[in-house]
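**Q**
Protein chains: 2
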Amino acid sequence: MINWRIEEEGFDQERISSHGNKFLVGNGYLGIRGTLPEYEKKEFVAVNLAGIYDQVGDGWREPLNAPNGLYTYLRLNNKEYRLPQSEPEQHKVSLDYRHGVYERSTTWNAAEGRLTLLTQRFASMDEKHLICMRYSIKVEDESEQEIDAEIFTGIDAEVWDINGPHYDELNMRTNAEGNTADELIMVTGTTHESGDQVGVYETYRFDPMHQQEIVIEDNKILRRLTFKMKPGKEYQLFKFISVYTSKDHTDYEKLGRELVSASKHTGYQKKLELHSKQWEKLWCNSEVMIDGDDEAMEALNYSLYHLHCIAPRHTDHLSIAARGLSGQTYKGAVFWDTEMFMLDFFLFTEPEVAKTLLKYRIDTLPGAKKKAEYYGYQGAFYAWESQEGGYDACSDYNVTDVFTGRQMRTYFKDKQIHISAAVVYGIMRYVNYTGSLELLADGGAEVILECASFYYDLLVKKVRGDRYELHDVIGPDEYHERVNNNTYTNRMAKYTFDSAIQILRKLVYQDVRIEERLKDRYDLTGLLEQFQDASDRLYIPEPDQKGGVIEQFDGYFALEEVSIEELKGRLLHDKEYWGGAYGIATHTKVIKQADVVTMLNLFSQDYEEEILSKNWEYYEPRTEHGSSLSACMYAILACKCHMPEKAYPFFMKSALSDISGKGKEWAGLIYIGGTHPASSGGAYMTAIEGFAGVHLEQGELKIKPCLPPGWNGMSFPIIYRDELYRVEITKEQSSIHNLGKP
Amino acid sequence: MINWRIEEEGFDQERISSHGNKFLVGNGYLGIRGTLPEYEKKEFVAVNLAGIYDQVGDGWREPLNAPNGLYTYLRLNNKEYRLPQSEPEQHKVSLDYRHGVYERSTTWNAAEGRLTLLTQRFASMDEKHLICMRYSIKVEDESEQEIDAEIFTGIDAEVWDINGPHYDELNMRTNAEGNTADELIMVTGTTHESGDQVGVYETYRFDPMHQQEIVIEDNKILRRLTFKMKPGKEYQLFKFISVYTSKDHTDYEKLGRELVSASKHTGYQKKLELHSKQWEKLWCNSEVMIDGDDEAMEALNYSLYHLHCIAPRHTDHLSIAARGLSGQTYKGAVFWDTEMFMLDFFLFTEPEVAKTLLKYRIDTLPGAKKKAEYYGYQGAFYAWESQEGGYDACSDYNVTDVFTGRQMRTYFKDKQIHISAAVVYGIMRYVNYTGSLELLADGGAEVILECASFYYDLLVKKVRGDRYELHDVIGPDEYHERVNNNTYTNRMAKYTFDSAIQILRKLVYQDVRIEERLKDRYDLTGLLEQFQDASDRLYIPEPDQKGGVIEQFDGYFALEEVSIEELKGRLLHDKEYWGGAYGIATHTKVIKQADVVTMLNLFSQDYEEEILSKNWEYYEPRTEHGSSLSACMYAILACKCHMPEKAYPFFMKSALSDISGKGKEWAGLIYIGGTHPASSGGAYMTAIEGFAGVHLEQGELKIKPCLPPGWNGMSFPIIYRDELYRVEITKEQSSIHNLGKP
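Each protein sequence line maps, in turn, to chains A and B. Residues in the first sequence are numbered consecutively from 1, following my numbering. Residues in the second sequence are numbered consecutively from 743, following my numbering.
1) Residues of the stretch 1284-1309 of chain B in Cβ contact with chain A at a cutoff of 7 Å, in chain order, please.
2) Closer than 7 Å by beta-carbon distance: list the chain A residues that pair up with residue 1329 of chain B, in chain order.
3) Please list, in chain order, the residues of the stretch 1309-1328 of chain B that have any C-beta partner in chain A closer than 7 Å.
4) So is residue 1363 of chain B buried or exposed if we call it buried at 16+ other beta carbons inside 10 Å?
5) Determine the contact status of residue 82 of chain A and residue 73 of chain A, defining contact as a CB-CB distance below 8 Å.
6) Name the residue from A:517, A:450, A:75 and A:416 whose alpha carbon lies nearest to the alpha carbon of residue 86 of chain A.
7) Against residue 491 of chain A, what residues of chain B qualify as contacts under a CB-to-CB distance less than 9 Å, listed in chain order?
8) Quick one: list the residues of chain B neighbouring residue 192 of chain A, beta-carbon separation under 7 Å, in chain order.
9) Between residue 1205 of chain B and chain A, is any beta-carbon pair separated by less than 8 Å?
10) Name the chain A residues whose beta carbon is nearer than 7 Å to that of residue 1143 of chain B?
11) What are the start and end residues of the beta strand (DSSP E) that includes residue 850 of chain B?
12) I'd like to confirm the pairing. Which residues does DSSP put opposite residue 977 of chain B in its beta bridges?
13) Spell out a yes or no on whether the stretch 291-303 of chain A and the stretch 654-661 of chain A are touching, meaning 3 or more CB-CB pairs, one atom from each, closer than 8 Å.
14) With 16 as the cutoff for other CB atoms within 10 Å, does residue 134 of chain A come out buried or exposed?
15) Could you tell me the boundaries of the alpha helix (DSSP H) in which residue 61 of chain A lies?
16) Just to check my reading of the structure: residue 1027 of chain B and residue 1386 of chain B have Cβ atoms closer than 8 Å, yes? What is that Cβ distance to the nearest angstrom?
17) State the Cα-Cα distance for the pair residue 898 of chain B and residue 811 of chain B, rounded to the nearest angstrom.
18) State yes or no: is the beta carbon of residue 1202 of chain B nearer than 8 Å to at least one beta carbon in chain A?
19) For a quick check, are the C-beta atoms of residue 23 of chain A and residue 93 of chain A less than 8 Å apart?
20) Would you list, in sequence order, the uninterrupted alpha helix (DSSP H) runs of no fewer than 4 residues that lie entirely inside the stretch 492-574 of chain A?
21) Check distances from the C-beta atoms of the stretch 953-969 of chain B to those of chain A and list, in chain order, the residues that come in under 9 Å.
22) When you compare the stretch 609-624 of chain A with the stretch 634-643 of chain A, are there three or more beta-carbon pairs, one atom per stretch, that lie closer than 8 Å?
23) Thinking C-beta only, is residue 683 of chain A closer than 8 Å to residue 714 of chain A?
24) Extract the residue ranges of the alpha helix (DSSP H) inside the stretch 630-717 of chain A, only unbroken runs of 4 or more that lie entirely within it.
25) Is residue 1148 of chain B close to chain A? Criterion is C-beta to C-beta, closer than 8 Å.
26) Check whether the Cβ atoms of residue 1060 of chain B and residue 1098 of chain B sit closer than 8 Å, and answer yes or no.
27) Taking 8 Å as the cut-off, decide whether the C-beta atoms of residue 1321 of chain B and residue 1330 of chain B are in contact.
28) Going by Cα to Cα distance, which pick from B:999, B:1262 and B:1208 is closest to residue 917 of chain B?
29) By how many angstroms is the C-alpha of residue 366 of chain A removed from the C-alpha of residue 1208 of chain B?
30) Spell out the partners DSSP gives residue 187 of chain A in its beta bridges.
31) List, in chain order, every chain A residue whose beta-carbon is nearer than 7 Å to that of residue 1210 of chain B.
32) To the nearest angstrom, how far is the alpha carbon of residue 377 of chain A from that of residue 522 of chain A?
33) Going by DSSP, what residue range makes up the beta strand (DSSP E) through residue 91 of chain A?
34) Can you list, in chain order, the residues of its chain with a C-beta nearer than 6 Å to that of residue 270 of chain A? Leave out the 5 residues immediately preceding and following it.
35) Measure from the alpha carbon of residue 143 of chain A to the alpha carbon of each residue in A:231, A:711, A:731 and A:15, then state which is nearest.
36) For residue 1048 of chain B, collect the residues of the same chain with a Cβ closer than 7 Å to its Cβ; drop the 5 residues on either side in sequence, then sort them by chain order.
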């Protein structure tokens, strides 16, 4: 059994940034890094907001961090007690990841006696704009001498940003009309680019007799609570913080103020209960039990915790950033990670969220069409790094040459065309798993037709020759740029054509709403003809005659054969880029991440198992796994090849990526740390679709278990076509029970 | 008037390598760098041979330097007098470039008196395997004291190589059977790669009483001539050297020995006369007189001298290397330089040489087909750097990254597909100017069909779209790699199709030999249909609506606009490469050399003069002129736009490139110096086709003079369709006189 709690004892300055990710709490609207209440900007404090962005000057456009309403520190007899400045006697942080509750406990040997500080906080899963914190202190001492205590608490608007500051203006104030007891403090920040407003509202409850004074300095608005403290007695401060932006509601300020006042009225404990109940509901449909491997069960459910923390439930059209809500890394942008690595978790446990993620893509179709047009193409070319409206935050220059300090031209934005197919894949997967045409009727059908038009416009053929090809692309393996006929990309384009054909031939006539939307805007017969032709003639490289291996792209087999170890020996600088035109991997067979293997996972039914395993065996030793998207693809395909023992280490690598807290956090001077939700989603897919072997057969949910050596069994819920199922797998037998409506 | 002699006084160690090029003598079979007889390997001595190559280990394959039969130095009373070791009192080198005779004169203040050393030598234009030298010494002194003199002379087989040594074996010997007076010394070197043999044979004449002893040491075989020398008397040594290779003749050794013996018998002076007479003959059909600008006339005719020095006249199928016969730079390989920049000179002055150059391409068609096949294409893809048999000496890695020391992948070899069209252009130009179909009948027609097949196989089209395109190429401007629809390349491919069509539609039926060769090997009707379709549909970018500028390739106009000056400011290292994926020019509009402008020169008849000048004005400030092939293209096009004053500086830059001796000689530690025959040819084209405006109108030779400001007139011979013409241009009038058979 696992206890649903992770903790770390002791204080280590080096772990500050990594703790920020590992102990994160969130509710999809916002994510709060697992930092301490007394931490400031330099400790990477962030209350990271979903779906709102800003750009300053030439810096990268990135999501906003809100002013930090949790900010609190303590002073006893004029001496501050806070980390990292004051050396503690004991220190522990913990996270109840069953309920998204973060706690810290620190003791200091103070002159006045043994000082203990306990804090607890959560980002309410019940009220997405609400953050609550309990802050309690106690001094244990034989004497009865009263202590002059001060708690400074309020809102720290001196926000950590990677490419900020984003607030041109900060309005810090209290509600003048209120009486002291109900007095709110408020910060409104106005963003640079579009003048959006982010409002943070705070009230508190502190029962002991005390005096309050408002202090505004250094972009902080703080209450100074002074009181006489008795040794042996615990003093508890409760804070209620709300966060709203002008994009949420025109009346956002009123809502923000009312929310904290009402929450205070309800009380901390009650709010905690409501919050925890929501979490229990989530686990009810998502907890994965593993019999015989607690480490795996903990790592996996901890991964699911992170997916829950970032799932948008406060809106019906929003997606998830590559680093979730853990900060501004990767610009808070949405990558193909969402559709290809996270979607299945939501599809199987909370289909409404899956729909919300895909609605984001439907809503950003105009942005995708604009991008295609910019490059001279028809149809929809989705953003490689998508922000609001489908704006592509990806730069043409994404990597710094460590030898010259110059920016290197990269082609992720303009050549990684497989992104559009990922969107199609997500939508069709939703349609197939839910059986609902609603998403298609709601704009999804157009997305698919536009993506197919995009690929159709990209198709080239040799004048002497019949087959259609896609040239000058980057596949999932980014170390090999500008290649022709990347198998993954070609196959995904074919999938897109086939999906469009399915709509044009069948689905359009099954739902009058789809027909209504499409018939006047498109020449349906003409498109069908084009896409059918494209699907028939698009070149999909086949397993080679001898070894059964599928060539990753034209010319891959002719590249240098070299081991990853030997390649590493060629590095002249530990941070140098392996890809690009002259990287050490570029002219070798070494690839960054699963590429052909990803394709084989998605289309495994088209190949003999022997081909799957031959390609696994060929590509695995040639894969650096330099992306967190790689391991799970090897894990799942290994399961499909009945090699669970080979799958297991890759599964654990994916599942442990955040709990280990050992992810790469720095690229030169740029912070690239954060959580890895694609890895989490990949771990889930491995467990459910790999080890349990969940799949569809003629529209029916089936399992085909293939457990790793140490596992005795698995049990988990899964939603399919609006019904909840429970899958039970033991070594002896396995079953699927229909539990009815979820 | 010019005096047909260049000279430099004084000795400067720094000028040794540059003098090697500037004072070169040659006869097409071999080139002898303008070094001194006492120089050795470290002074870059080279007797560079045409058309014979060798590769050792991983080094670049390069042409051979023969053992140096001129090697001679002097010792008086046991003291050596030689440069650069002994500081001279006076020193002068000179070149009679009317007759290809090189002289040196050096005086030393010797203990014995004022020592004067005069040498004169030539690479016989009359006997291509023969080199002759006169070596005379004199001591001026009041005293009558005899001096112990020693002349060491023979063959230095310690040869300078860039990627050598190439002789696995050196056989140094004398002809045992001979008497002393006629004794020959001989060196045979056996090459590493294919065991070719290079034989050098030497004999001498020295009339004063002397003793001879043969000394073999340090890869030198030398005669030690000892004699008593009287002050005030001149002593003359004559040397006769022959060079043959086993590729010239199976009996090469016999020929080599007989040649030096016979030459000695004939005598130096007579040999010099015969040699000079041949040069006079060459000038008779090539000298360009310029009235009013001696500097230009000297620079131009000096350029023509270099072209004469490297013209293959000893065989009927050989081409010219990019650095002529000045050494091993650029691997002694044949580039597009020959057809596009040198051919016209020979076509107008010595059509037999032009034919020999083109026959080389016909003979290397199998190599070109093999290269195409290697890359998966049909037809003929000529070598970017062609050695014997059409072997492509170009490497995939041609540039060293100055920041990492790593080799950078370049694409000259595989993407610079315009090379095949240059061959076609050369052949068709020969056909049009000579009116002879012989070259076509002799294999030229197949070359053209195979090149057209190559381009046809490369054509791609968008599936949605009708036009044919050429993707992923490099045009003449090498700073922009892997571009689509490079206008120059597309236009040259169309030219190739049109040439093939002309053959298939017309010429094949005009010459029964052509018909016989082609009809069984090709489906002539099918090819005609294909090529006609290709020519009709191949996309040729047009002048843009607003500015009349033709885009160099897809996307060029969107690149960064930056001045060359500003760009230079971005250099971090003075030797860093401007091109490649991340070079400073790569993502800007700055180009290395004429690209669109070259195309406009070749097809100027297709455009209004306004378009020509608009493109000249647009591209010139964006051109770095980082190649010696650039200036002349701007010069010629300026003439076509009636801007002779703008043409002039570019003309002079081309014409002065070798005489100035200021060319770039080093790239890091690699010697890249040598002569610039393409520049020389470009200067000639500018003078004849630019300033004089020679062109064809309905098959008739016409002129359209456009003289630069300072010129009063021009006069030159020109051969057209087997008749010699004299063109006379003054400010007032111009005329063409037919002088009958040349």
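Using N, Cα and C, we set each Cβ at its ideal position, and we do this for glycine too.
**A** Straight from the coordinates:
1) none
2) For the purposes of this step, residue 1329 of chain B is taken as residue 587 along the second sequence, with counting starting at 1. Chain A residues near residue 1329 of chain B: 409.
3) 1314, 1322, 1323 and 1324
4) Within the second sequence, residue 1363 of chain B is the residue found at index 621, counting from 1. Its Cβ having fewer than 16 others within 10 Å, residue 1363 of chain B is exposed.
5) Against the first sequence, residue 82 of chain A aligns to sequence position 82. Against the first sequence, residue 73 of chain A aligns to sequence position 73. Their beta carbons are under 8 Å apart, which means residue 82 of chain A touches residue 73 of chain A by this criterion.
6) Mapped onto the first sequence, residue 86 of chain A falls at position 86. A check of alpha carbon separations from residue 86 of chain A across A:517, A:450, A:75 and A:416 identifies A:75 as the nearest.
7) Working through the first sequence from its first residue, we reach residue 491 of chain A at position 491. By Cβ distance, chain B contributes nothing, its closest Cβ being about 17 Å from residue 491 of chain A, past 9 Å.
8) Working through the first sequence from its first residue, we reach residue 192 of chain A at position 192. Under the 7 Å cutoff, chain B gives no residues; its nearest Cβ is about 26 Å from residue 192 of chain A.
9) As a working mapping, residue 1205 of chain B is identified with position 463 in the second sequence. Yes - at least one Cβ of chain A is within 8 Å of the one on residue 1205 of chain B.
10) One-based indexing of the second sequence puts residue 1143 of chain B at position 401. Below the 7 Å Cβ cutoff, chain A contributes 582 as neighbours of residue 1143 of chain B, in chain order.
11) Translated into positions along the second sequence, residue 850 of chain B becomes position 108. 843-852 is the span of the beta strand (DSSP E), which, as asked, contains residue 850 of chain B.
12) By 1-based counting over the second sequence, the position of residue 977 of chain B is 235. B:879, per the DSSP bridge assignment.
13) yes
14) Here residue 134 of chain A corresponds to residue number 134 of the first sequence, with the count starting at 1. So residue 134 of chain A counts as buried.
15) The residue labelled residue 61 of chain A in the question sits at position 61 within the first sequence. Counted as a single uninterrupted DSSP element, the stretch harbouring residue 61 of chain A is not any alpha helix (DSSP H), since DSSP gives it neither H nor E.
16) Numbered from 1 along the second sequence, position 285 holds the residue referred to as residue 1027 of chain B. Numbered from 1 along the second sequence, position 644 holds the residue referred to as residue 1386 of chain B. Contact flag wrong, Cβ pair sits at about 26 Å.
17) Along the second sequence, one-based indexing puts residue 898 of chain B at 156. Along the second sequence, one-based indexing puts residue 811 of chain B at 69. If you take the alpha carbons of residue 898 of chain B and residue 811 of chain B, they lie about 6 Å apart.
18) As a first step, residue 1202 of chain B must be located in the second sequence, where it is residue number 460. Cβ-Cβ to chain A under 8 Å: yes for residue 1202 of chain B.
19) Looking up residue 23 of chain A in the first sequence gives position 23. Looking up residue 93 of chain A in the first sequence gives position 93. Yes, Cβ-Cβ distance for residue 23 of chain A and residue 93 of chain A is below 8 Å.
20) 512-519, 524-537 and 564-568
21) none
22) yes
23) Translated into the one-based positions of the first sequence, residue 714 of chain A becomes position 714. Translated into the one-based positions of the first sequence, residue 683 of chain A becomes position 683. In this structure, residue 683 of chain A does not lie closer than 8 Å to residue 714 of chain A by Cβ.
24) 631-640, 644-655 and 677-685
25) Here residue 1148 of chain B is taken as the residue at index 406 of the second sequence, counted from 1. Residue-level contact check: residue 1148 of chain B touches chain A, since one or more beta carbons of chain A fall below 8 Å from its beta carbon.
26) By one-based count along the second sequence, residue 1060 of chain B stands at place 318. By one-based count along the second sequence, residue 1098 of chain B stands at place 356. Against a cut-off of 8 Å, the Cβ pair of residue 1098 of chain B and residue 1060 of chain B comes out as a contact.
27) Taking the first residue of the second sequence as position 1, residue 1321 of chain B is located at position 579. Taking the first residue of the second sequence as position 1, residue 1330 of chain B is located at position 588. Contact: no.
28) Counting from one through the second sequence, the residue named residue 917 of chain B turns up at place 175. The option with the nearest alpha carbon to residue 917 of chain B is B:999.
29) Along the second sequence, one-based indexing puts residue 1208 of chain B at 466. Along the first sequence, one-based indexing puts residue 366 of chain A at 366. Roughly 28 Å separates the two Cα atoms.
30) Here residue 187 of chain A refers to the residue found at position 187 when the first sequence is read from its first residue. A:172 and A:200, per the DSSP bridge assignment.
31) As a first step, residue 1210 of chain B must be located in the second sequence, where it is residue number 468. The contacting residues are 463.
32) Position 377 of the first sequence, counting from 1, holds the residue named residue 377 of chain A. Position 522 of the first sequence, counting from 1, holds the residue named residue 522 of chain A. Computed Cα separation, rounded: 17 Å.
33) What you label residue 91 of chain A is simply residue 91 of the first sequence in a count that begins at 1. First-last of the beta strand (DSSP E) with residue 91 of chain A: 90-96.
34) Indexing the first sequence from 1 puts residue 270 of chain A at position 270. Shown here for residue 270 of chain A: not one same chain residue has a beta carbon closer than 6 Å to its own, the five before and five after excluded.
35) Within the first sequence, numbered from 1, the residue matching residue 143 of chain A stands at position 143. Nearest of A:231, A:711, A:731 and A:15 to residue 143 of chain A, Cα basis: A:231.
36) Counting from 1 along the second sequence, the entry for residue 1048 of chain B is found at position 306. Correct list, in chain order: 1066, 1400, 1417, 1419 and 1422.
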